[in-house]
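Okay, so here's the structure we're looking at.
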Amino acid sequence: MSSATVGRVAEEGTQTETPLKPALLGGCPKVEVKVQGHAIPCVLDTGSQVTLFSNSLFRHYFQNEQVCSVNDISWLTLKAANGLKLPYVGYAILDFEVGGILVPAKGVIIVEDGCLQSNQAILGMNVINHCWEALFQGGHPGLTVFKSTIPSSHGAAWDKAFSVCQRIQASGEMEDFQGTARLSRMAVVQLQPETEMLVWAQVPQATGVPETCVLVEDLGGDGQEWRIGRAVLHMKAGKVPLRVCNPHPYPITLPARKPLAKVTGISQQDISPQRQLVLRQTGTNTIEVDVQMVNADPGASKFVPLFQGEGLTQEQQSRLDELLQKWSSVFAAHDEDYGKTSAVLHQIHTGNAPPVRERYRPVPPTLYPELRTLIQGMLDGGVITESASPWAAPVVLVRKKDGGLRFCVDYRKLNSVTHKDAYPLPRIEESLTGLRKAAWYSTLDLASGYWQVEVHPHDKEKTAFTTPMGLYQFERMPFGLCNGPATFQRLMQRCLGGQVNEFLIYLDDVIVYSADYDSHLLHLEQVFDRLHQHGLKLNPKKSLFFQRSVHYLGHVVSQHGVATDPEKVSAVQQWPIPKTVKEVRAFLGFVGYYRRFISGFSCIAAPLHKLLQGTTGTKMTRIQWTEDCQEAFEQLKQALLQAPILAFADFTLPFILYTDASFHGLGAVLAQVQEGKERVIAYASRSLHPAERNDQNYSSFSSERRRVWGMLHHALGHARGQRQLEAIRLRAFWIGMARDLRDWTAECHQCVLGRPGSEVKAPLQPVVSRYPFEILALDYLSLGRVTDSHPCILVVTDLFSRYAVAVSTRDQSAQTTAKALWMHVIQQFGCPERILTDQGGAFESQLFQQLCQLYGCKKSRTTPYHPQGNGACERFNQTLLTLLNTLDQEGQERWADQLPALLQAYNNTPHSSTGLAPFYVVFGRHARLPVDMALGLSGPQERCTTDSWVQKHHRSLVAAYSQVRIQSCQRQDWDRRRYNKQARALPLLPGERVLCRNFRRRARGKLGPYWLSEPFVVIKQVRPGQPVYVIQPEGKEGNIRTIHRNHLRPCPGGWTTWVDDSAKEQSAAPTNPTTVQSTGNVQFWPMAIHEQRHPGPPSIGQNEAEVGAAPPMLEVGRSPPINLNVGGDEVRQLRRSQRSTFGLPPVRYEG
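So this is what it looks like as structure tokens:
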């Protein structure tokens, strides 16, 4: 069915010729056959077992034919090459005629329209194979006769179809093939005594047969002196390799064409490995029967693990299978196949402690059979042996979830006298932090990892355990020993610790990660090699290879990052409310394991931690569950169920650290910008100790100081500087007052918005043009004369030559602008490369944009309310206004008629920026003006040819361009240095909070704010080196603006959306106006509050008697605290960093 699909693609692709078409698409063979006397074009499809007609074609040609019901062939299911089912409406039995060959009574399946796409009929193998058999029953001459009866264009298609039939027939015949292998005609072989050699033989019956499998056997005739090794081989082109043996003490000569062996053709399905039965007694009356393959190679493994990678291609999967086949020895073939290593021996150092001996604990008689089975299995596997040790530990049997028994030994008394091994175990958080982003992951689990480590011979007796069946001791390291994890981690570090950048190890769990397929395959081979060298084996049931995401240490690791394991975390959803101290600890231990995924974990869990204070050792003590505890309990569960995916840390990139603090705890977020997006690496938090909460660095006096300042600052009319400092010093004092007042005043909304601030200037960035009419600057000049019929002037200035064009217009509409530009500039001087305008409506219109697109002009615009961006036009506007003002009264009334003369004068006057007249720079010569004729000046009189004039004119233009470039660069450099002396605007960084100038201030008169109260966030700098930024309102989508640096100012620290918070500040005033507050290094005394509509501080004019005598200032001898932060209840924002280059010309803008 594949040919129908490809045929449609080929037909649709004929309209477009590409170089890849012959490589991607092949021909779709179509032939014409007669069906019931009708000529039907059919697609010749050797991949289809059936012949298919569309329903519409069948109704058109075979209306009188009977259509059989689909119920008769309900067993038949049609599938296309893509695996989708094809619906059919019935079938019919029809007669075919192909090239004179009659094919009677062949079935045709009638499918619904559209299933065959652009084709109407497909000729399948039920007809093609019949034609093949009819042609060659009498030999090959039938093919010649057949081709003579069909169109020549169909011959190649039938040749391809018949070659497929030939291969099918040949493969079927080879299954019953028998022949004799002989030496070649030119070969004579000498077999030395008692030797074996490989000889190539020819099978004459198989010449021309494709590669196939054959069975080679000895001929077995009487008097045969040699022997042939019986084997299954691949025969290619009739040749097979034979193992010929001479068992005699004399040489043997094999003549040419000597028959050597019998060859029989076989199929792949006939090849199967030999098997044997293995019997193992697992109980008193139980025998386990196992079927195992017998490998002829003694050195080969008896177990080949099979793993399916995630999303691997067939080639990649085969390479993985080859690797696993090569290293199959490192996989456990069954549950009792343990590895064995002596690289690290487990030692139990007890010093001079006497042996610890305990009696066995009672075991129910019903468990005796299972206990015997467990002990016998460990004896058979070499894990334990019978013992006569003075040490003895009891056995504890624990029932598993699946109903089986878990064999445990209580080594607590042995561990109490054992010297502890201080070998470090890896921290799970550090193990996860060490992971890197990768495309492929594999997890490896050792098969009974502890039982692969040998116990030191001197310490085996210390592992003895007692049971009702006797005393036994471990040969391998048992579970339950205090130093077992340290020993095993030491072994894994010695085995795999050298490649820490490719995989991580946590006890018996190993994760391998790589960036691509080939490197992952190499890393796996390295792991297998090291495991093989150390005699360790893996558990194939718990290992995974080539996965996109894996479960590791209770987490899900993928290329996106590290996430919590849903299987582990789902248990928290049904977690019951804790009732005892033990249950609270269990819950906190579970969620604390995933605390790096929960932002502000310590603050959320603070109510639960309070329940554990003073409860050491009292596990069953009842607790008092409060609403705060319930809220924290639910919030932790919800945060864990919605935990984010944490990104891998990339140590080649900088990190971003967010910190926060309150009176209860500290919090931090470690983040990193990866691939243009900020990703969280980890959350961290902890509670403050009681001593830290009492520290003066966390004192509430800082918030009290700020409230006092707020009241006085508002009462003083938002005074600033020394005036404010002196006024507040009369009423309060603290160390560092001047610095605090300066910082707090900078954050006051009314002060910032109500003052224009110092003029902000960014460094000058001139526009550089390389040749005439490369960049044209456009602007409109309005004279403001309502009586004029053409009150507007469209000004066009070439930034290279300073050549100017001015056109008087009726209005500033888009149609007028486009027409004037096309007539007076593009038609006369050609299409510029770039057009620079402001953001006027005519220049931003769709019509103007289409004009620029039509003539290939790039469009640039200046930022709003920044005419300096189009300085050349603005300067010419001033010059043009000056020229118009020099006209007399009559000339000013008819200024439009005088405009060309003024432009001629301007363009023929040397410009200060270039040193040459704009006309000369553009045309390479000076214009012959009327004033020249009045003065009797004439042009050059020398005669020259056209070629010489062109050369001379070219030299003049080259010299003019060179002078313009030099003069312009010098002038721009001089202007830039002069302007940048006053440029002190610091560059802004992406993500920085800024305030934007209020351009509509005039609408409110002189009382309008100078700056917008809503803070903005810098998204990016438009172009490196240019002081133009893209900003967006903080916390909102859309409304993106492009603003020049001169109209932006950094947002003060702690700035929020402006509200009139004077009431809030005034309400914080002391309620008792007669109480003096004095604590530590700060002293306050309250003021009498006037009864007003809003309570607030007294007015400036209030005399000293009304507030009482001010006590003398308190001079404190010690230094203030390092950090005088605002109180915990007040929202604090990130401050703008203080740069060391403050006040110096910034270097970020320099190109």
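Residue numbering for the sequence shown follows numbering that gives the first Met the number 0, starting at 0 and increasing by one per position.
In this text, a Cβ means the ideal position worked out from N, Cα and C, and glycines have one as well.
Bridge partners for residue i per DSSP, in chain order?
{"i": "His233", "result": "Cys212"}
{"i": "Ile1030", "result": "Val1017 and Arg1040"}
{"i": "Gly178", "result": "Val262"}
{"i": "Arg242", "result": "Leu197"}
{"i": "Lys857", "result": "Arg833"}
{"i": "Gly560", "result": "Ser557"}
{"i": "Gln313", "result": "The partner list for Gln313 (beta bridge, DSSP) is empty, contrary to what the question assumes."}
{"i": "Tyr90", "result": "Cys67 and Ile108"}
{"i": "Gln189", "result": "Thr252"}
{"i": "Trp821", "result": "Per DSSP, none; premise fails for Trp821."}
{"i": "Ser807", "result": "Ile792"}
Judging by CA-CA distance, which residue of the options is the nearest neighbour of residue i?
{"i": "Ala120", "options": "Ile39, Gly98 and Leu928", "result": "Ile39"}
{"i": "Phe596", "options": "Phe478, Pro643 and Asn128", "result": "Pro643"}
{"i": "Val795", "options": "Arg784, Ala776 and Ser788", "result": "Ala776"}
{"i": "Ser955", "options": "Ser967, Arg970, Pro986 and Val920", "result": "Val920"}
{"i": "Arg489", "options": "His522, Met468 and Gly448", "result": "Gly448"}
{"i": "Val408", "options": "Lys419, Met476, Ala260 and Pro368", "result": "Met476"}
{"i": "Ala683", "options": "Arg976, Gln532, Thr658 and Arg860", "result": "Thr658"}
{"i": "Gly923", "options": "Leu936, Gln962 and Gln764", "result": "Gln962"}
{"i": "Val1027", "options": "Cys747, Glu1033, Val231 and Ile1018", "result": "Ile1018"}
{"i": "Arg868", "options": "Ile834, Gln888 and Leu883", "result": "Per the sequence shown, the amino acid found at residue 868 is Gly instead of Arg. Out of Ile834, Gln888 and Leu883, Ile834 has the C-alpha closest to the C-alpha of Gly868."}
{"i": "Cys995", "options": "Leu1011, Leu985 and Phe487", "result": "Leu1011"}
{"i": "Ser911", "options": "Tyr802, Pro831 and Gln891", "result": "Tyr802"}
{"i": "Arg739", "options": "Cys750, Leu724, Arg730 and Val751", "result": "Looking at the sequence shown, residue 739 is not Arg but Asp. With distances taken between Cα atoms, Asp739 lies closest to Leu724."}
Could you tell me the distance, in whole angstroms, from the CA atom of residue i to the CA atom of residue j?
{"i": "Pro28", "j": "Glu111", "result": "23 Å"}
{"i": "Val1021", "j": "Leu656", "result": "27 Å"}
{"i": "Leu780", "j": "Lys857", "result": "23 Å"}
{"i": "Leu77", "j": "Met124", "result": "14 Å"}
{"i": "Leu344", "j": "Pro363", "result": "36 Å"}
{"i": "Ala387", "j": "Gly469", "result": "10 Å"}
{"i": "Gly89", "j": "Thr211", "result": "40 Å"}
{"i": "Arg371", "j": "Glu474", "result": "18 Å"}
{"i": "Val957", "j": "Tyr770", "result": "11 Å"}
{"i": "Asp1060", "j": "Ser967", "result": "Unreliable positioning characterises Asp1060 in this predicted model, as indicated by a pLDDT of 41, which lies under 50. A coordinate reading is not provided."}
{"i": "Pro248", "j": "Gln472", "result": "58 Å"}
{"i": "Ser55", "j": "Gly106", "result": "17 Å"}
On the criterion of 16 or more Cβ atoms from any shown chain inside 10 Å, does residue i qualify as buried, or is it exposed?
{"i": "Glu703", "result": "buried"}
{"i": "His925", "result": "exposed"}
{"i": "Trp450", "result": "buried"}
{"i": "Tyr422", "result": "exposed"}
{"i": "Tyr960", "result": "buried"}
{"i": "Met196", "result": "exposed"}
{"i": "Thr312", "result": "exposed"}
{"i": "Ser513", "result": "buried"}
{"i": "Glu453", "result": "buried"}
{"i": "Pro1008", "result": "buried"}
{"i": "Gly716", "result": "exposed"}
{"i": "Lys419", "result": "exposed"}
{"i": "Gln223", "result": "exposed"}
{"i": "Asn70", "result": "exposed"}
{"i": "Asn1102", "result": "Confidence at Asn1102 is low in this model, with a pLDDT of 36, below 50, so the placement of that residue should be treated as unreliable; the coordinate-derived value is given next. Classification for Asn1102: exposed."}
{"i": "Pro577", "result": "buried"}
Please determine whether the Cβ atom of residue i lies at a distance below 7 Å from any heavy atom of the ligand SAM.
{"i": "Leu850", "result": "In the structure on display, the ligand SAM does not appear, and there are no ligands present to speak of."}
Taking CB distances under 8 Å as the criterion, tell me whether residue i reaches chain D.
{"i": "Gln971", "result": "Absent here is chain D; the protein component of the structure consists of one chain."}
On the three-pair Cβ rule with 8 Å, is the region 548-568 touching the region 427-447?
With a cut-off of 8 Å, the region 427-447 and the region 548-568 count as touching, because enough Cβ pairs lie within range.
Are the region 358-374 and the region 461-468 touching by the rule of at least three beta carbon pairs closer than 8 Å?
Touching, yes, given that three or more Cβ pairs across the two stretches are closer than 8 Å.
Tell me whether the region 520-530 and the region 311-326 touch, counting them as touching only if at least three CB pairs, one residue from each stretch, are closer than 8 Å.
Here the region 520-530 lies against the region 311-326, with 3 or more beta-carbon pairs under 8 Å apart.
If we count Cβ pairs, one from each stretch, closer than 8 Å, do we get three or more for the region 806-815 versus the region 829-849?
Judged by Cβ distances under 8 Å, the region 806-815 makes contact with the region 829-849, as three or more pairs qualify.
Should the region 633-653 be called in touch with the region 586-603, which here means at least 3 C-beta pairs below 8 Å?
The answer is yes - the region 586-603 touches the region 633-653, with three or more Cβ pairs under 8 Å.
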